[in-house]
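Each remark here refers to the structure printed beneath this line.
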Amino acid sequence: MKFLKRALSWLTTQDRYARLEKGQIEAYVDALAWVMASDRHIAAVERDEISRMIAKFSLPGGVPGEHFVNTSVHRAWDVLGGDETRGWEFGRDVGGRLKEGWLREDAYVACVRLVHADAKVEPGEVLALSQLSEGFGFDKELRETLEGRAARVARKADAEEE
928 MKFLKRALSW LTTQDRYARL EKGQIEAYVD ALAWVMASDR HIAAVERDEI SRMIAKFSLP
988 GGVPGEHFVN TSVHRAWDVL GGDETRGWEF GRDVGGRLKE GWLREDAYVA CVRLVHADAK
1048 VEPGEVLALS QLSEGFGFDK ELRETLEGRA ARVARKADAE EE
């Protein structure tokens, strides 16, 4: 019975990703690129992690995931070139383009995981997560719940790699 529930959950989740619009996928990758670039350093492990994270999407027109990542990284650098208010605006913009609560939550969990990918959490990354969580409309309780979920997902992924 447990297996059946897991399989059904997986199929339902996969179907949700398959139905996303191009703009939602771009917004998701924008959020990831924003936290990746927010410490003004892009580690190879972070790029690799983004590639793994976006593999679940049905990318439109056979466009490679790397195209989405490169475009989003350019947008992130543009935002970083301005003052801090641009980051808060960017968080609201991304939250609006994601459109759905479940996708905002999923993107935030992915961003938290990405911040920890290189084993260093920088002040710029903490600020970027704050800007995204506010832009996504999360209260403190939801943010903490999602950060806990990110930690559980990371532990599970580490266990599967061993």
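Each number in this note's numbering corresponds to the 1-based position in the sequence shown with 927 added.
Beta carbons: idealized from backbone N, C-alpha and C, even for Gly.
Just the C-alpha distance for residue i and residue j, rounded to the nearest angstrom, thanks.
i: V972; j: N997; result: 15 Å
i: R1013; j: L1007; result: 8 Å
i: Y1035; j: S965; result: 15 Å
i: W961; j: S999; result: 8 Å
i: K949; j: E1027; result: 14 Å
i: R1079; j: M963; result: 20 Å
i: H1043; j: H1001; result: 22 Å
i: R979; j: A1081; result: 13 Å
i: V1021; j: G989; result: 23 Å
Could you please give the first and the last residue of the uninterrupted alpha helix (DSSP H) stretch that includes residue i?
i: F1017; result: E1011 to L1025
i: R1031; result: G1028 to V1042
i: V1006; result: G992 to L1007
i: S985; result: S985 -> no alpha helix (DSSP H), and no H or E assigned at all.
i: S1057; result: P1050 to G1062
i: L959; result: K949 to A964
Could you say which of the options lies nearest to residue i if we only look at CA atoms?
i: A947; options: F984, V962 and M963; result: Checking the sequence shown, residue 947 turns out to be Leu, not Ala. For L947, the nearest C-alpha among the options comes from F984.
Throw me the rounded Cβ distance for the residue i and residue j pair, which I believe falls under 8 Å.
i: L1025; j: A945; result: That belief does not hold up - the Cβ atoms of L1025 and A945 are roughly 16 Å apart, past 8 Å.
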